[in-house]
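Novice: In the numbering used here, the protein residues as written are 449 to 792.
From the three backbone atoms N, C-alpha and C, an ideal C-beta is built for every residue, glycine too.
Computed from a predicted structure; not experimentally measured.
Quick one: the structure is below, questions incoming.
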Amino acid sequence: MLQEPDGTAAQHASRAMPWSVPLAEEGYRILNRAQPGEAEEMRQLKNGLLAGNARIDSKYFYDATGCALFNAICTQPEYYLTRTEAKFFAEHRAEIQWHLPIGAQWIDLGCGDGLKSQPWIAALRARRYLGIDIASEALEKALGRMKALFPTVECTGVLCDFSRSLVLDDVIGERPDLTPVLFYPGSSLGNFTASQAFALLTSFRENLAPHGLLLIGVDLVKDARLLEAAYDDAQGVTAAFNRNVLRVVNRLLDADFDPKKFEHCAHFNRRAARMEMRLRATVEHRVRIGRDARKFREGESILTEYSHKYTIDGFGELLSKAGFARPRVWTDEAGWFGVFLAGL
Ligand code: AVI
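This is the structure in structure tokens:
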């Protein structure tokens, strides 16, 4: 059941939210915290495209096609990240679990289909599942599946764009008896700028106070060739994912970008320790963006994504600056991926 923050059923769900089924039938509820302000977001998106150094926030990748393409990226041989993390968790769950409370409330940030959380819910005998996502359909599916698999686990969804703000303390506080564990895998933090990542970690700490835990997976700095291959696979799936964002922009801003006039570029910026994805114009052309227009010179590019890579020490420092206690850290054998468990 979709509920407004005050607990009353929502009359006006977010555009994408299909009418949901009552809690009694489905056994879960979804709180709608999607904030208005779409006009401001669209203004920012458009300004980003009209600016000298054009850019699109990477959150716009994830329409239905973008989500499907991202799932396909995760199965590409070059994209080591998903595979490495999944293998690592499968092999080390028992060891990590030892440091986590039994019967916790498990907070799955950016839960998507919720699949990564399932083995944790089982292993920790979690009593509550909080799925957080901006994609309403994925959230409904994740909660439905979770409830079917774990009928005794209380399931709540929070529909929100946590890149704008994350306020969960009231929902977490509904169950003061259950220790909150915030799970943020997949190195998704890396897609934020350094200052955004710091702000997000700080908001995690505020939401988890006074005794919660953060379990987070981050990608580590490695050989540039491995990184660049991972973001430019031979099948061209990442290229298609990158170009698809122009179709999203066309719909959102009534623009006429032609994805065929842009090529996919993926470059590791070692100084900033991040992968950078761009779309580079292959010919000079003009693009209409709503009532405005701009010219792209041949070779001019649009920045579409940062994917920061961390060092163990660097990420530990970031956690400490955000107010977390010294974390426990695990890495895979190759040292490609890091898992941090931090308390307050
Ligand atoms: C979602 N995120 C962690 C992915 C990454 O690796 O930064 C997004 C992605 N972009 C290209 N490939 C995958």
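In terms of residues, what are the limits of the alpha helix (DSSP H) holding GLN644?
Specialist: Start and end: 642-656.
Novice: So PHE631 packs on SER565, CB below 8 Å; how close in whole Å?
Specialist: With 8 Å as the limit, PHE631 and SER565 qualify as a contact, their Cβ atoms being about 6 Å apart.
Novice: Give the straight-line distance between the Cα atoms of VAL601 and ALA571, rounded to the nearest whole angstrom.
Specialist: Cα-Cα distance, rounded: 13 Å.
Novice: In terms of residues, what are the limits of the beta strand (DSSP E) holding ASP617?
Specialist: Segment 617-620 is the alpha helix (DSSP H) holding ASP617; no beta strand (DSSP E) there.
Novice: Between the Cα of LYS709 and those of LYS494, GLU732, LEU674, MET723, spot the shortest distance and give me the residue it belongs to.
Specialist: Looking at the Cα atoms, GLU732 is the closest of the given residues.
Novice: What's the C-alpha gap between ASP680 and ALA687?
Specialist: Taking the straight line joining both Cα atoms gives about 7 Å.
Novice: Quick one, which of LEU597, MET490, VAL619 has its alpha-carbon nearest ARG477's?
Specialist: Comparing Cα-Cα distances from ARG477 to each of LEU597, MET490, VAL619, the minimum goes to VAL619.
Novice: With distances taken from CA atoms, which of GLU488, GLY738, THR752, ARG573 is nearest VAL693?
Specialist: Per the Cα distances, THR752.
Novice: Is DSSP giving LEU727 helix, strand or coil here?
Specialist: In the structure shown, LEU727 sits in a strand (DSSP, three-state: E or B).
Novice: Give the DSSP-derived three-state secondary structure of ASP702 in the structure shown.
Specialist: Coil at ASP702, not helix or strand.
Novice: I believe LEU548 touches HIS659 by the beta-carbon criterion, under 8 Å. Please report the beta-carbon distance rounded to the nearest angstrom.
Specialist: That belief does not hold up - the Cβ atoms of LEU548 and HIS659 are roughly 13 Å apart, past 8 Å.
Novice: Go through its chain and collect everything with a Cβ distance to VAL606's Cβ below 7 Å, but skip five positions before and after it.
Specialist: Contacts found: LEU479, ARG481, LEU578, ILE580, LEU616, VAL619.
Novice: Quick one: which unbroken beta strand (DSSP E) runs of 3-plus residues sit fully inside the stretch 571-610? Chain order, please.
Specialist: Complete beta strand (DSSP E) runs here, min 3: 576-581, 602-607.
Novice: Determine contact between the stretch 632-648 and the stretch 661-678, defined as no fewer than three beta-carbon pairs at a distance below 8 Å.
Specialist: Yes: at least three Cβ pairs fall under 8 Å.
Novice: Nearest to ARG653 by alpha carbon, out of GLU488, PRO525, GLN483, ALA770?
Specialist: The shortest Cα separation from ARG653 among GLU488, PRO525, GLN483, ALA770 belongs to ALA770.
Novice: What does PRO628 pair with, by DSSP beta-bridge criteria?
Specialist: Paired residue(s): GLN553.
Novice: Specify the secondary structure class of ILE750 as computed by DSSP and reduced to three states.
Specialist: Three-state DSSP puts ILE750 in a strand.
Novice: Which of the three DSSP states is assigned to LYS743 in this structure?
Specialist: If DSSP states are grouped into helix, strand and coil, LYS743 belongs with the strands.
Novice: Taking the alpha-carbon positions, what's the LEU648 to ALA682 distance?
Specialist: So the two alpha carbons sit approximately 34 Å from each other.
Novice: Spatial neighbours of MET594 within its chain, please: C-beta separation below 6 Å, excluding the five flanking residues on both sides.
Specialist: These residues qualify, in order along the chain: GLY562, TYR577, CYS603.
Novice: CA-CA distance, GLU488 and GLU781?
Specialist: When rounded, the distance between both Cα atoms is 45 Å.
Novice: Compute the Euclidean distance between the alpha carbons of ALA538 and ALA741, then round it to the nearest angstrom.
Specialist: Cα to Cα, ALA538 sits roughly 50 Å from ALA741.
Novice: Hey, ASP511 and VAL696 are a contact pair by Cβ (cut 8 Å); roughly how many whole angstroms apart?
Specialist: Indeed, because the Cβ distance is near 5 Å, the residues count as touching under 8 Å.
Novice: Look at the alpha carbon of PRO599 and the alpha carbon of ARG573, and state the distance between them as a whole number of angstroms.
Specialist: Rounded to the nearest angstrom, the two C-alpha atoms are 12 Å apart.
Novice: DSSP has ASP667 in a bridge; who is on the other side?
Specialist: ASP667 is bridged to PHE785.
Novice: In whole angstroms, give me the CA-to-CA distance for LEU497 and GLU748.
Specialist: Those two C-alpha atoms are separated by around 12 Å.
Novice: Looking at the unbroken beta strand (DSSP E) that takes in ASN717, where does it start and where does it end?
Specialist: That run of the beta strand (DSSP E) goes 710-717.
Novice: Can you tell me where the alpha helix (DSSP H) with ARG776 in it begins and where it stops?
Specialist: Taken as a continuous stretch (DSSP letters only), ARG776 belongs to no alpha helix (DSSP H), being part of the beta strand (DSSP E) at 776-779.
Novice: Give me whichever residues DSSP pairs with ASN692 in a beta bridge.
Specialist: The partner list for ASN692 (beta bridge, DSSP) is empty, contrary to what the question assumes.
Novice: For VAL469, does the three-state DSSP call read helix, strand or coil?
Specialist: The pLDDT assigned to VAL469 is 41, lower than 50, so where the model puts this residue is not dependable, and the model offers no usable value.
Novice: Checking 8 Å against the spacing of the C-beta atoms, do ILE750 and LYS494 come in under that value?
Specialist: Result no, Cβ atoms of ILE750 and LYS494 do not sit closer than 8 Å.
Novice: Compute the Euclidean distance between the alpha carbons of GLY762 and SER651, then round it to the nearest angstrom.
Specialist: Approximately 19 Å between the Cα atoms of the pair.
Novice: In the structure shown, what three-state DSSP assignment does LYS519 receive?
Specialist: As written in the sequence, residue 519 is Asn, which differs from the Lys given in the question. Looking at ASN519 - three-state DSSP - the assignment turns out to be helix.
Novice: If you measure from the beta carbon of HIS715 to each beta carbon in chain B, is any gap under 8 Å?
Specialist: Protein chain content of the structure displayed is limited to a single chain, and chain B is not contained in it.
Novice: When you compare the CB positions of PHE716 and LEU656, do they come within less than 8 Å of one another, or not?
Specialist: Their beta carbons are not under 8 Å apart, which means PHE716 does not touch LEU656 by this criterion.
Novice: Taking the alpha-carbon positions, what's the TYR754 to ILE569 distance?
Specialist: If you take the alpha carbons of TYR754 and ILE569, they lie about 31 Å apart.
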